[in-house]
Amino acid sequence: MTTTRSAPLPPQRPAGAPSGGPAPRRLWLVPVLTAVLTAVLAVAGAGTARHLANGGYTATGTESARAERLLADRYGLGTPDVVLLARARGGVDAPAARAEGLRLVHRLARSPGVASVHAYWTDGDPALRSADGRRALVAADLAGADRDAARTAKALVPGLTGRHGPLDLSATGPAQVSVEAVAASHRDLVRAELVAAPVTLLLLVVALRSVVAALVPLMIGGVSVVGTLALLRLLALVTPVSVFAVNLTSALGFGLAVDYGLFLVTRYREELRAGHAVPEAVARTARRAGRTVAVSACAVALSMAALLVLPLPFLRSMACAGMAVALFSAAAATALVPPVLALLGTRVDRGDPLTLLYGLRRGRAVRPPRPDSPVWRTVARHVTGRPLLCGTACAAVLLLSAWPFAHARFALPDERILPAASQAHRTARELRQAFAAPAERTVTVVLPDTDPVRDRAALAAYGRRVAALPSVARVRPAEPVRAHGAILLVTGPAQPQSPAARALVADVRALPAPGGRRLVTGRAALLADTRSAVGARLPLAGAVVAGTTWLMLFLLTRSVLLPVKALVIGALSMGASFGATVLVFQDGHLRGLVGGFTVTGALDLSMPLLMFAIAFGLAIDYEIFLLSRVREQYLRTGDNRLAVVEGVARTGRLVTTGALAVAVVTGALATSGVTVLKLLGTGLATAVLVDAVLVRGVLVPAYLTVAGRANWWLPAWLARPLGARAGAPRGRHRAGRRRPGLVGAPRRDRPSPQIVDASTTKR
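Its first residue numbered 1111, the sequence shown is counted upward by one per residue in the numbering used here.
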């Protein structure tokens, strides 16, 4: 029996040197300079996480935000950054316990970075003592912004917690939550990278069938992540940056690097197999695929830029991280990959695992990897054969998957984002159980123009009206007041982020206040104001995403309808991941699949917005890869269905591998102990897999087939100049004039070139 061996690649010769031989020195210049620059950026970005902090989840410029600032500046009654829970078996009023408590309070008050301290033993406030008399609270306000408070808490809390004579102390509060979140996210980042990097490399080796080719995308990812970390370090000097931006940078950077690297390497190998010499193959890859990568990166960055219009510092910092890593990934891909490919030449195919496994066996031949995917070609032929049936069924599945999001509820994150065994989470849970009116239930009413003495009667009448409102358990004045004005502390519902608590805030604000001006704050007020502020800006954010995405796709495809289709289908593809996050993280179903976390009955308000921006950008990323190939084939053949089949076949493996790699690096976040990272990782992994398989494999090809020539429609007044700039064929059809409305329409006065599948041809 004879064995048919595949024809080897024709020998290639890079400019100035034979393949496999020494390359020109100028080709080494870009990789060497990139390595030096990456090393400098790595040094500059070292320790970036130490300068970041948790927080920024509430809207700026709202009434509750102004009230918080006034409480801190004028009255010294801002939300405590650190709360110490002291336990004493013999009771906190025992002489030994009181003496030790006073010593700790005085020590804390004299510590650097502490603005003020309120404690049961010094203030005598009964609200700071538990009903059983065995627990007491010490609340400390720390100076500076969130990151400064977190740095102070990190230095102070270890020395204040633990056993101190008759007292046993533990800590909670926003600053302590930030400290523990930073530590947990750092551990999660290290673990995710240790898991994701080798798994991603394995995926690339299997997909590209070359160890050498698989290293190119990882190289891009390393450069982009290092560069973005250095940029975050610089950004943290002028504005607060979330500590979770580092995790986002790592996951998104490697994901985009895989996409761009796969696209460029795959196209380069196709050009080599088409018979082009190495220099020409590199030039054609940079010219055709490089433009697509640049457009894709801009689309991802612009999708993230929509978060900048929302009044949440957390989202703005994450937007900066996402935009930076997208642009760094594209810059690294377009600047670094062409010279690296020129240096590698035909050696880019080395390290084929199938060759290593079977190539040494006598009589066995290993076929080179096909430029297309037979599986996706079969799927595309089936879908384009019955586009209405397949498209309708796919859309129905996506809509059903999105249905749970209809009952989504939103809240602000608190210490419950941490593992249940963490100190901040455990202490806060005990505090809720032991104290009748914890601070989070309090709705604070600030009356800055009211004189407590002069307006005593009016203030008392106002307090009675507030006490008569539904869900109000208690109303008391805040003491001591060190400046002009009055403060009322209103104890609201047990669940401060429930609809009843938000209704209480609205009722308090509707009451006329003595002195005229009044400001309402507290956990419930912050949530209500943040929801309102975000809702008011969402139309603008949506317009930014829709407008910029439409423009980028219009410039790429020279079509009016294709960008509109991409927007509609892109939004529809988000439904499955949004429904999954509601089912798992809000309702608690299938919780065991992602590990333990605290089910709060609501989603963090900022997470769906961040998840949408990232996932939508990745969806458009895959859309650009597919449409660029479909358009290229359509310009060659003029056959819309053939172009769709060929585009899916040529990009199916690429998109699937890229989505799997993104799912690995983002899904690694699902192992995090921090709930917001777990939610983000699970949602993104679900979104990219659904988009790559159902949307790009079924829904988009079905639409493109049904739309037919309308895909490429363009008004006549735009067709000529854009067609000319796009380098479309300038020949004339039978009537001697270009057909209006079809940009770059192929010529019909000669047969269209036939696409031959080289892998099925007899040799």
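We put the beta carbon where it would ideally sit given N, CA and C, even for glycine.
Inter-residue spacing [alpha-carbon to alpha-carbon] between residue i and residue j
i, j, result
"Leu1446", "Ser1439", "10 Å"
"Leu1454", "Leu1137", "10 Å"
"Leu1650", "Pro1421", "12 Å"
"Pro1463", "Ala1355", "36 Å"
"Thr1262", "Cys1430", "26 Å"
"Ala1156", "Leu1339", "8 Å"
"Arg1574", "Leu1614", "15 Å"
"Arg1480", "Leu1417", "41 Å"
"Leu1412", "Thr1659", "7 Å"
"Thr1172", "Ala1826", "49 Å"
"Arg1383", "Leu1139", "27 Å"
"Pro1268", "Ala1250", "15 Å"
"Asp1278", "Gln1543", "17 Å"
"Leu1787", "Ala1169", "21 Å"
"Ala1739", "Thr1444", "At residue 1739 the sequence reads Arg, which differs from the Ala that was named. Cα to Cα, Arg1739 sits roughly 18 Å from Thr1444."
"Ser1226", "Gly1186", "7 Å"
"Gly1818", "Arg1751", "8 Å"
"Val1784", "Asp1524", "11 Å"
"Val1224", "Leu1252", "4 Å"
"Thr1376", "Thr1552", "60 Å"
"Thr1282", "Gly1234", "21 Å"
Chain C contact for residue i (CB, 8 Å cutoff)
i, result
"His1216", "Absent here is chain C; the protein component of the structure consists of one chain."
Exposure label - residue i; buried when at least 16 CB within 10 Å
i, result
"Arg1297", "exposed"
"Gly1657", "exposed"
"Arg1848", "Per-residue confidence for Arg1848 stands at a pLDDT of 40, beneath the threshold of 50, marking its modelled position as unreliable; the derived number appears in the next sentence. By the 10 Å Cβ count, Arg1848 comes out buried."
"Gly1254", "exposed"
"Leu1637", "buried"
"Val1316", "exposed"
"Gly1106", "No statement about residue 1106 is possible, as the shown extent of the chain runs from 1111 to 1873 and does not include it."
"Pro1839", "Residue confidence is low: Pro1839 scores 44 on pLDDT, short of 50, so the model does not pin down where it sits. No coordinate-derived value is stated."
"His1594", "exposed"
"His1535", "buried"
"Thr1488", "exposed"
"Leu1304", "exposed"
"Ala1198", "buried"
"Gln1122", "The pLDDT assigned to Gln1122 is 43, lower than 50, so where the model puts this residue is not dependable; a value taken from the coordinates is nonetheless given after this. With 16 or more other Cβ atoms within 10 Å, it is buried."
"Val1348", "exposed"
"Arg1612", "buried"
"Ala1571", "exposed"
"Arg1763", "buried"
"Leu1790", "buried"
C-beta contact flag for residue i and residue j at 8 Å
i, j, result
"Ser1511", "Gly1685", "yes"
"Trp1486", "Val1758", "yes"
"Leu1362", "Gly1432", "yes"
"Leu1528", "Ala1294", "yes"
"Gln1607", "Ala1530", "no"
"Leu1162", "Arg1245", "no"
"Leu1621", "Ala1596", "no"
"Tyr1732", "Arg1806", "yes"
"Thr1767", "Leu1313", "yes"
Residue nearest to residue i in terms of C-alpha spacing, selected from the options
i, options, result
"His1274", "Leu1728, Ser1683, Arg1213", "Arg1213"
"Ser1280", "Pro1811, Glu1540, Leu1693", "Glu1540"
"Ala1633", "Leu1366, Arg1245, Leu1557, Tyr1167", "Contrary to the premise, residue 1633 reads as Arg rather than Ala in this sequence. Arg1633 has its Cα closest to that of Tyr1167, out of Leu1366, Arg1245, Leu1557, Tyr1167."
"Ala1616", "Gly1625, Arg1627, Thr1631", "Thr1631"
"Ala1690", "Val1772, Leu1804, Phe1515", "Phe1515"
"Ala1409", "Val1321, Ala1436, His1386", "Ala1436"
"Ala1771", "Phe1424, Pro1327, Phe1726, Glu1210", "Pro1327"
"Val1555", "Val1585, Val1805, Thr1537, Ser1669", "Val1585"
"Gln1605", "Ala1549, Val1224, Gly1768", "Ala1549"
"Gly1461", "Arg1397, Val1321, Arg1401, Ala1506", "Val1321"
"Ala1175", "Met1428, Ala1635, Leu1779, Val1142", "Ala1635"
"Phe1735", "Gly1748, Glu1380, Leu1663, Ile1724", "Leu1663"
Cβ distance (whole Å) where residue i is taken to contact residue j below 8 Å
i, j, result
"Arg1491", "Val1704", "At roughly 37 Å, the Cβ-Cβ gap does not stay under 8 Å, so Arg1491 and Val1704 are not in contact."
"Val1351", "Thr1144", "Between Thr1144 and Val1351 the Cβ distance is about 25 Å, and since that is not below 8 Å, they are no contact."
"Leu1579", "Pro1587", "With a Cβ gap of about 17 Å, Leu1579 and Pro1587 do not count as contacting."
"Val1335", "Phe1373", "Contact doesn't hold; Cβ gap of about 19 Å is too wide."
"Ser1288", "Asn1164", "4 Å"
"Cys1500", "Ala1753", "About 18 Å separates the two Cβ atoms, so there is no contact after all."
"Tyr1370", "Val1392", "Their Cβ separation, rounded to whole angstroms, is 16 Å, which puts Tyr1370 and Val1392 out of contact at 8 Å."
"Val1215", "Val1248", "6 Å"
"Pro1284", "Asp1191", "6 Å"
heavy atom of the ligand SAH below 7 Å from residue i C-beta
i, result
"Val1507", "For the ligand SAH, the structure offers nothing, since it holds no ligand at all."
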